Amino acid sequence: MKFIAHFSRIFVGVIFIFSGLIKLNDPVGTEIKLEEYFDVFATDFPAMAGFWHFWVPYALYVSIFLCALELVLGVCLLVQYKLKSASWILLATVIFFGFLTFYSAYFNKVTDCGCFGETIKLKPWTSFWKDMVLMFFILIILWQRNIFADKKTGMWVGMSIIFCLFLGIYAVKFLPPYDGLPYAVGQDIPKNMKPSEPLRFKYIYEKDGKTLELNEMPTDTTYKFKEMITLNQDEAKAKITDYNIWKDGDSTDYKAESFVGKKLMVVIPVVAKASTDDMDKIKSLAKSLEGTDVKVWILTGSPEEEINNFRHEHQLAIPAFSSDTKVLKTIGRANPTIWLLKDGIVKGKWAHAETPDKEEVLSRF
């Protein structure tokens, strides 16, 4: 039994460190998921709508705290520091996430819980059963908690807390160290908008009272059709399904235009939340590219009046176009983000804090 208890401790610790590390790489992604949950609960439980809406402005802070908590608790298990307390907190955490994933799965609300960030996509039911497996092993740890001796390894826990803060702040101020999104540098956006593979089907027919499964439709007219099942719907789905660019009152297909030639996009998902610390750098970059074959656009999810006021305030002589806010947050986690394309292929991506100069931009082509 001692072996099983130690295996449980190591297994749960590794899983929580892995999960926390992946999500700390991209805390804004977890923030977006939390905001989705807050909106869902505000709608489904209107009597508590004010409570859930209260948390929306603090979603990023909650995201960093939860991601860091997972990693630190995992470290506590591995080094056996305050193991009993850590195990109880882990149990509470798994129950909390288990409720979220069950709610997502049963009511089909948030179809991707973000349990392992954007790196590993899990369906809600898969996430729920993953939480149940973790709960099983955590219960074993609590059941056998007396066999574990606390060790004086607080230094490792302290170092993990410092690491979490550094990684979380870095990923927010700049961009995720690892970008696993379909808008990352090197990605072909038009290609990512096409099905990843051809759809495959299974056909259910009936003949002589027997149900048959066929890989293709029969030519025999005596077969009675019952059902057609898609075998690879998730695998064949395009990586990008909602990328679009438009301008109010203009019928031009700006989505297609964005894939022609060289485009430098200043991505500002929400004008009201945009950092203005580096706006002078962005303005200087845009001005320096005048006369080159690089076209500079602003992409925003904010209303036209807001972006026009923003452009006027910061003297940005850059045309502005509209896009979906969630898509823009996926393109660039920083607000603003500089996104560089050539014929639809991503050549560069920078947070506003590391705005490139003209030479850096032109060197990417």
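Under full-length UniProt numbering, the residues of the sequence shown are numbered 1 to 365, in order. Ideal Cβ placement from N, Cα and C applies to all residues, glycine included. Keep in mind that this is a model prediction, so the values were computed, not measured.
For residue i, does the three-state DSSP call read helix, strand or coil?
i, result
"Thr-300", "strand"
"Ala-274", "coil"
"Phe-321", "strand"
"Asp-280", "helix"
"Val-266", "strand"
"Asp-234", "helix"
"Asp-293", "coil"
"Thr-93", "helix"
"Asp-39", "helix"
"Glu-257", "helix"
"Ile-4", "helix"
"Phe-225", "strand"
"Gly-348", "strand"
"Asp-250", "strand"
"Glu-216", "coil"
"Glu-359", "helix"
"Asp-188", "strand"
"Thr-330", "helix"
"Leu-199", "coil"
"Leu-285", "helix"
"Thr-342", "In the sequence under discussion, the amino acid at residue 342 is Lys, which differs from the Thr named in the question. Residue state, collapsed to three classes: strand."
"Lys-210", "strand"
"Thr-101", "helix"
"Ile-245", "coil"
"Thr-30", "helix"
"Ile-240", "coil"
"Thr-337", "strand"
"Tyr-178", "coil"
"Tyr-183", "coil"
"Tyr-205", "strand"
"Leu-21", "helix"
"Asp-131", "helix"
Taking a contact to mean a Cβ-Cβ separation below 9 Å, would you say residue i touches residue j in this structure?
i, j, result
"Val-157", "Val-94", "no"
"Pro-27", "Ala-171", "yes"
"His-352", "Asn-335", "yes"
"Leu-78", "Ile-141", "no"
"Val-56", "Phe-38", "yes"
"Ser-63", "Leu-34", "yes"
"Leu-328", "Leu-299", "yes"
"Asp-234", "Leu-285", "no"
"Asp-131", "Gly-154", "no"
"Leu-362", "Val-294", "yes"
"Asp-220", "Lys-210", "no"
"Lys-347", "Phe-365", "yes"
Give the straight-line distance between the Cα atoms of residue i and residue j, rounded to the nearest whole angstrom.
i, j, result
"Ala-59", "Lys-173", "16 Å"
"Gly-50", "Leu-90", "28 Å"
"Ser-323", "Ile-147", "57 Å"
"Glu-360", "Leu-134", "47 Å"
"Pro-190", "Phe-3", "52 Å"
"Leu-24", "Ile-17", "10 Å"
"Ser-251", "Lys-262", "22 Å"
"Gly-20", "Thr-292", "44 Å"
"Val-12", "Ile-138", "7 Å"
"Asp-197", "Ile-245", "First, the residue type needs correcting, since residue 197 is Glu and not Asp in the sequence shown. Their backbone Cα atoms lie some 25 Å apart in a straight line."
"Ile-318", "Cys-76", "51 Å"
"residue 445", "Ile-15", "Outside the modelled stretch of the chain, which goes from 1 to 365, sits residue 445, for which no answer is possible."
"Pro-176", "Arg-145", "37 Å"
"Lys-194", "Ile-240", "8 Å"
"Glu-31", "Tyr-243", "21 Å"
"Ser-8", "Thr-330", "36 Å"
"Lys-151", "Glu-306", "56 Å"
"His-6", "Cys-164", "25 Å"
"Met-265", "Trp-297", "5 Å"
"residue 366", "Glu-216", "Residue numbering for the chain in the displayed model covers 1 to 365; residue 366 lies beyond these limits and cannot be assessed."
"Phe-45", "Glu-36", "14 Å"
"Met-1", "Trp-143", "11 Å"
"Leu-167", "Gly-249", "43 Å"
"Met-48", "Phe-96", "18 Å"
"His-53", "Thr-43", "10 Å"
Output needed for residue i: all residues of its chain with C-beta closer than 7 Å, excluding positions within five of it in sequence on either side, in chain order.
i, result
"Leu-201", "According to the sequence as given, residue 201 is Phe; it is not Leu. Counting only Cβ-Cβ distances below 7 Å, and skipping sequence neighbours, we find Met-228, Ile-229, Thr-230, Leu-231."
"Ala-92", "none"
"Met-279", "His-314"
"residue 437", "The chain is shown only over 1 to 365; residue 437 falls outside these bounds and no answer can be derived."
"Tyr-205", "Leu-212, Leu-214, Pro-218, Tyr-223, Lys-224, Phe-225, Lys-226"
Below 8 Å CB to CB, which residues in the same chain sit around residue i once its five sequence neighbours on both sides are set aside?
i, result
"Ile-161", "Ala-68, Val-72"
"Tyr-254", "Ile-245, Trp-246, Lys-247, Phe-321"
"Ile-282", "Val-266, Leu-316, Pro-336, Ile-338, His-352, Thr-355"
"Gly-259", "It is Phe, not Gly, that sits at residue 259 in the sequence shown. Within the same chain, Phe-259 has close Cβ partners Ile-189, Pro-190, Leu-341, Asp-343, Gly-344."
"Ala-272", "Ser-302, Glu-306"
Under 6 Å Cβ to Cβ from residue i, same chain only, skipping five residues before and after it: list those, please.
i, result
"residue 452", "Here the chain covers residues 1 to 365 and nothing more, so residue 452 does not appear."
"Phe-310", "Val-271"
Is residue i near the ligand GDP, judged by its Cβ being under 8 Å from some heavy atom?
i, result
"Trp-350", "Among the ligands in the structure shown, none appear at all, so the ligand GDP cannot be discussed."
Under 8 Å, with one C-beta from each stretch per pair, do the region 179-190 and the region 216-228 reach the 3-pair mark? no
Are there three or more Cβ pairs, one per stretch, closer than 8 Å when the region 102-110 is compared with the region 121-140? yes
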